[in-house]
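If you read the sequences in order, they're chains H and S.
In terms of our numbering, the first sequence opens at residue 147 and continues consecutively.
In terms of our numbering, the second sequence opens at residue 147 and continues consecutively.
Number of protein chains: 2
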Amino acid sequence: MTGDTHRPHTGRRRNEAARQAILDVAVELLGSAGDGPVTIDTIAAAAGVGKQTIYRWWPSKGAVLLEALAGRAGADIPVPDTGSLRADLEAFLRATFRAAGNPHTASALRHTMAEAQRDPHAREPMRDFLASRRRVLRGLLERARDRGEIASGADLDLIVDQAYGVLWIRILNGHARLGEAEATALAGSLAGQARG
Amino acid sequence: MTGDTHRPHTGRRRNEAARQAILDVAVELLGSAGDGPVTIDTIAAAAGVGKQTIYRWWPSKGAVLLEALAGRAGADIPVPDTGSLRADLEAFLRATFRAAGNPHTASALRHTMAEAQRDPHAREPMRDFLASRRRVLRGLLERARDRGEIASGADLDLIVDQAYGVLWIRILNGHARLGEAEATALAGSLAGQARG
DNA sequence: AGTTGTCGAGACTTTCTGTCTCGTCAATAC
DNA sequence: GTATTGACGAGACAGAAAGTCTCGACAACT
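Put into structure tokens, the structure is as follows:
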């Protein structure tokens, strides 16, 4: 990720402060844009930046939004390793659901997922982002499997998708709450399912 | 649903053939629009209809797409009632995953879900559509609970969301297959979870 | 001092949504 | 049987937003 150009690179250097300001503003707008859409002009204006500066470094709006999201979401989610599947699952899902239940975060997730459906440049970053989140949960399950708490033939990816599936469908459709109580119930279900 | 106006209603009547043509074309375009977006002009042109005819009967593009989707999806999904939770779940999820795994249907579902995130007029129809699908699965679970196959205190809505959550996150993110094998595995997991 | 490439700013093009207008046509009222 | 009413197809129009292009200014390297 750290830029090491092989050529000496003449000319003015990229303004990292502007780059960070763009991402900061994108996260901010994504979180507080329940009503209107997040536009490039709004981002540029709020970041004190020209539009071309954005398009010089990202191929599309969706790419900016995805990088902004990936830089934040998941930052505050611990990776528990207590030695108990049930306890690990509960801690992880409670933290995850609490974060995703926050209206700002939920708004950001909704907007970015919608953007990823229409912007090809956002599809792969979104896949990468979700893959990184899934990987953490899968690692937790693998440790439980190594301890013998999960049958060795169990489909861990299916368990992972059940957990994040509940999260995403509730964020996108908003038909049910997404809080710690739901996380605890889900942890119990999944742990029981894995055991059987 | 059948229109019974109280006033005699003078003037030319609504063209039901045009209405149906619009919905047919919308479904068709939703399924085959992997690349570009589905636009109002395209729908109007393909249906041989003026744009205003669309906006006279639907408040927005999203409303058209949602009504088109709701009219088709779920039409071919049986509601099994074999007396066995495991068998019912497997039959239902296999049919559901097979339908959703079809590229045309998957494309339609992705587009509509994205549209529902940005178009307020599409949010409620989408909620209604998903609620109707969830209701079928929940009914299946309730029958199993009445038979004693599921603990009476179990959170049926959570089980429902685990099933549809897997479906939606895989449709939207495309990181894993969505076929009958996956449906069978999921049915086994959920049935085992409910039993415990 | 000259070259190169970024900077903020903003005009511009393109695409799409949703509105408005027009002349036409069908169903009811008189 | 003619007038009224309102939907019809067609398409011009306005507004929003993405993404491109150009400008003069500025910073880093030769």
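Even glycine gets a Cβ: it sits at the ideal position worked out from N, Cα and C.
C-alpha distance - residue i paired with residue j, whole-angstrom precision
{"i": "S:Asp170", "j": "H:Gly208", "result": "31 Å"}
{"i": "S:Glu346", "j": "S:Ala252", "result": "As displayed, chain S neither begins before 147 nor continues past 342, which places residue 346 of chain S out of reach and without an answer."}
{"i": "S:Glu213", "j": "S:Glu295", "result": "36 Å"}
{"i": "H:Ala179", "j": "H:Arg256", "result": "10 Å"}
{"i": "S:Leu287", "j": "S:Gly177", "result": "31 Å"}
{"i": "S:Leu211", "j": "S:Asp303", "result": "27 Å"}
{"i": "S:Thr151", "j": "S:Lys197", "result": "Confidence at S:Thr151 is low in this model, with a pLDDT of 37, below 50, so the placement of that residue is unreliable and no value is reported for it."}
{"i": "H:Glu162", "j": "H:Ala172", "result": "15 Å"}
{"i": "H:Gly334", "j": "H:Thr228", "result": "16 Å"}
{"i": "S:Leu324", "j": "H:Gly157", "result": "50 Å"}
{"i": "S:Glu326", "j": "S:Arg232", "result": "15 Å"}
{"i": "S:Thr148", "j": "S:Val282", "result": "Here S:Thr148 scores only 36 on pLDDT, less than 50, and its place in the model should not be relied on; the value that follows carries that caveat. Cα-Cα distance, rounded: 24 Å."}
{"i": "H:Arg240", "j": "S:Gln166", "result": "47 Å"}
{"i": "H:Ala277", "j": "H:Pro205", "result": "22 Å"}
{"i": "H:Arg293", "j": "H:Arg244", "result": "28 Å"}
{"i": "H:Ser230", "j": "H:Arg291", "result": "11 Å"}
{"i": "S:Ile186", "j": "H:Val225", "result": "47 Å"}
{"i": "S:Asn319", "j": "S:Asn248", "result": "15 Å"}
{"i": "H:Ala193", "j": "H:Arg202", "result": "15 Å"}
{"i": "H:Ala191", "j": "S:Arg218", "result": "44 Å"}
{"i": "H:Ile189", "j": "S:Ile189", "result": "32 Å"}
{"i": "S:Pro266", "j": "H:Pro266", "result": "24 Å"}
Assumed close pair residue i, residue j - CB separation to whole angstroms, cut-off 8 Å
{"i": "H:Ala262", "j": "H:Ala254", "result": "In fact, because the Cβ distance is near 12 Å, the residues do not count as touching under 8 Å."}
{"i": "H:Ile200", "j": "H:Ile168", "result": "6 Å"}
{"i": "H:Ala300", "j": "H:Ala340", "result": "6 Å"}
{"i": "H:His250", "j": "S:Arg273", "result": "So it is not a contact: roughly 22 Å between Cβ atoms."}
{"i": "H:Ala114", "j": "H:Val195", "result": "It is not possible to answer for residue 114 of chain H, since the shown part of chain H is limited to 147 through 342."}
{"i": "S:Arg284", "j": "S:Val306", "result": "5 Å"}
{"i": "S:Leu313", "j": "S:Thr242", "result": "7 Å"}
CB of residue i within 8 Å of CB of residue j, strictly
{"i": "S:Gly311", "j": "H:Ile315", "result": "yes"}
{"i": "S:Ala216", "j": "S:Phe275", "result": "yes"}
{"i": "S:Gly220", "j": "S:Arg159", "result": "no"}
{"i": "H:Pro271", "j": "S:Arg264", "result": "no"}
{"i": "H:Ala297", "j": "S:Ala260", "result": "no"}
beta-carbon residue i near the ligand ZN non-hydrogen atom, thresh 7 Å
{"i": "S:Ala246", "result": "The ligand ZN is absent from the structure shown, which contains no ligand whatsoever."}
Quiz prompt | Three or more C-beta pairs below 8 Å linking the segment 230 to 241 of chain S and the segment 326 to 337 of chain S | solution = yes
Quiz item: Residues in the segment 308 to 323 of chain H with C-beta within 9 Å of chain S's C-beta atoms, listed in sequence order?
Solution: Gln308, Ala309, Tyr310, Gly311, Val312, Leu313, Trp314, Ile315, Arg316, Leu318, Asn319, Gly320, His321 and Ala322
Practice problem: Using a Cβ-Cβ cut-off of less than 8 Å, give me the residues of the segment 248 to 259 of chain H that come near chain S, in sequence order. | Solution: Arg256, His257 and Met259
Practice problem: Taking only beta carbons into account, state which residues of the segment 210 to 223 of chain H come closer than 9 Å to chain S, listed in chain order. | Solution: none
Practice problem: Compile a chain-ordered list of the residues in the segment 172 to 205 of chain S whose CB is closer than 8 Å to at least one CB of chain H. | Solution: Pro183
Exercise. Select from the segment 289 to 305 of chain H all residues with a C-beta closer than 8 Å to any C-beta belonging to chain S, and list them in chain order.
Key: Asp301, Asp303, Leu304 and Ile305
Quiz prompt | Members of the segment 323 to 335 of chain S that neighbour chain H once the beta carbon cut-off is set at 9 Å | solution = Glu328, Ala331, Leu332 and Ser335
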